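What follows is a set of notes on a single structure, which appears directly below.
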Amino acid sequence: MTSEQSTRRFRLFMLVALMSALALGSFWALEVMRRNASDFIPDVTRTAPDLYVDHFSYVKMSETGEPRYHVSGDKLTHNPKDDSYDVVNPVLKSLTAERPPTTLRSDRAEVNSDGSEMHMYDNVHMDRPATPRSERLQVKSEYMLILPDDDVAKTEKPVQITLGESTLNGIGMYVNNATRELRLSSRVQGSYHAPVR
Amino acid sequence: EKADSLKPTNVEADHMAYDDVKQINTFTGNVILTRGTLIMKGAKLVVTQDPAGYQYATLWAAPGKLATFRQKRDGGPDLWMEGHAADRIEYDNKTEVAKLYSKAMVRRLEGTRATDEVQGEFISYDSRAEFFTVNNTATGESKPGGGRIKAVIQPRTENKGN
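Protein chains in written order, with our numbering: chain U, 920 to 1116; chain H, 14 to 175.
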């Protein structure tokens, strides 16, 4: 290999080395600047509620603009730690036109940040009025998880259901108001009253 | 007995699914249906209701097991009626007729002593009139060459005081 080739190769190598040093150096400078900036803003998130609303009423609209459901309550508190809400005496009404309006109330509820899950606790009571083609449905339980956007309510706790004249008890329930089905997962005990003739 | 028809129907089961649109109630897992003195047991029970509020129940036997029913009969302190079927029992609470499908058996008892017993592929038992018909095919009609029908009619002992 002639010395001229090796000097050219050496010069090429030096050039590449210089360029990469320059690139790394700029990344390093960027990092230093970024880290300096975050040192000034304390990132400890607050745990205590940062806002509350008394006697609120909240309507969620569907994409096409009609009201989907309405949530109201005596008090709403926002928890910044997990961006969730605590509600006192919540009342959730489904407002979709074609389905019977279901009302759900309880002593308290926890709602996640985008309102897709609503955990209702203590004296949960679901009430769906009768329609010409279906009987009145009432459900009582001590806990229920509501998925308002899919019109679903479910619990693994014991439930007491009255369906028209008949009563049904069981443990573990799944109600889908969109497909209008109700399932009980264990220890079902039903009592149907003979129609008055 | 007749008084049963005014009593509420109680059902116990492991699971239940209710389809509100078709108003069909499906109970599964050792199902026990009681109504007054009527007791029915099976693996799966489907209850549908007509607009007038009458219920139609179909009770399926667990595979290899029997769907059974037992009911008190009028006209005596300890008169009972029992029956079982290998496939299913259909009970129509408007006409109060129970239909027992495949390897069906119905017997009348006084206390624990069987007085009459009937076996056949299909039995239709009218619990209000306490009258039953037996056919030799599981579909409910009688066809030549179908199953055999066996009936045991015990002699009535004279004036036994009932």
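Glycine is no exception: its CB is placed at the ideal position from the N, C-alpha and C atoms. Quick caveat: nothing in here was measured; it's all calculated off a predicted structure.
Tell me the DSSP bridge mates of residue i?
| i | result |
| --- | --- |
| U/MET1063 | U/MET1039 |
| H/THR146 | H/SER137 |
| U/SER922 | Looking at the DSSP assignment, U/SER922 forms no beta bridge with any residue, so it has no partner. |
| U/GLY1089 | U/VAL1078 |
| U/GLN1057 | U/ASP1046, U/THR1081 |
Does chain H have any CB closer than 8 Å to the CB of residue i?
| i | result |
| --- | --- |
| U/SER1110 | yes |
| U/LEU1101 | yes |
| U/GLY984 | no |
| U/VAL1107 | yes |
| U/GLY1089 | yes |
| U/SER1013 | no |
| U/SER981 | no |
| U/SER1104 | yes |
| U/SER1053 | yes |
Given this structure, state the Cα-to-Cα distance separating residue i from residue j, to the nearest angstrom.
| i | j | result |
| --- | --- | --- |
| H/LYS54 | H/ARG48 | 12 Å |
| U/THR1203 | H/VAL60 | The first residue shown for chain U is 920 and the last is 1116, placing residue 1203 of chain U beyond what the model contains. |
| U/SER1110 | U/ASP1002 | 44 Å |
| U/GLU985 | H/ARG101 | 48 Å |
| U/ALA948 | U/LEU941 | 11 Å |
| H/LEU113 | U/LEU1066 | 44 Å |
| H/ASN172 | H/THR146 | Because the pLDDT of H/ASN172 is 49, which lies under 50, any placement of that residue in the model is unreliable, and the number read from its coordinates should be weighed accordingly. Near 27 Å, if we compare the C-alpha coordinates of H/THR146 and H/ASN172. |
| H/ASP17 | H/ASP105 | 13 Å |
| H/ARG161 | H/ALA70 | 27 Å |
| U/ARG930 | U/SER922 | 12 Å |
| U/LEU1064 | U/GLU1075 | 9 Å |
| H/ASN148 | H/ASP91 | 28 Å |
| H/GLY77 | H/ALA99 | 7 Å |
| H/ASP33 | H/ASP63 | 13 Å |
| H/GLU7 | U/SER1104 | Only positions 14 to 175 of chain H appear in the structure, and residue 7 of chain H is not among them; the question remains open. |
| U/GLU1084 | H/VAL165 | 43 Å |
| H/THR12 | H/LEU79 | A question about residue 12 of chain H goes unanswered here, because the residues of chain H that appear run from 14 up to 175. |
| U/LEU1023 | H/LYS116 | 49 Å |
| U/LEU934 | U/LEU943 | 15 Å |
Please work out which residues of its chain come closer than 6 Å, Cβ to Cβ, to residue i, disregarding the five sequence neighbours upstream and downstream, and give them in chain order.
| i | result |
| --- | --- |
| H/ALA8 | A query on residue 8 of chain H cannot be resolved here, the shown segment of chain H reaching from 14 to 175 and no further. |
| H/ARG141 | GLU109 |
| U/ASN1088 | GLN1079, GLN1108 |
| U/LEU1101 | VAL1094 |
| H/PHE40 | VAL24, ALA26, MET29, LEU58 |
| U/ARG965 | PRO999 |
| U/THR1021 | SER1013, ARG1047, ASN1096 |
| U/VAL1030 | TYR1004, MET1037 |
| U/ARG1125 | Summary: the structure shown does not reach residue 1125 of chain U, with chain U confined to residues 920 through 1116, and so no result is reported for it. |
Leaving aside the five residues before and after residue i along the sequence, list all residues of the same chain whose C-beta is less than 7 Å from its C-beta, in chain order.
| i | result |
| --- | --- |
| U/THR1081 | GLN1057 |
| H/THR50 | GLU14, ASP17, GLN84, LYS85 |
Can you find a C-beta in chain U that's less than 8 Å from the C-beta of residue i?
| i | result |
| --- | --- |
| H/HIS28 | yes |
| H/THR61 | no |
| H/GLN84 | no |
| H/VAL34 | yes |
| H/TYR31 | yes |
| H/VAL24 | yes |
| H/PHE40 | yes |
| H/GLN68 | yes |
| H/PRO21 | yes |
Continuous alpha helix (DSSP H) assignments of at least 4 residues falling wholly in the segment 954-1027 of chain U: Within the segment 954-1027 of chain U, no complete alpha helix (DSSP H) run reaches 4 residues.
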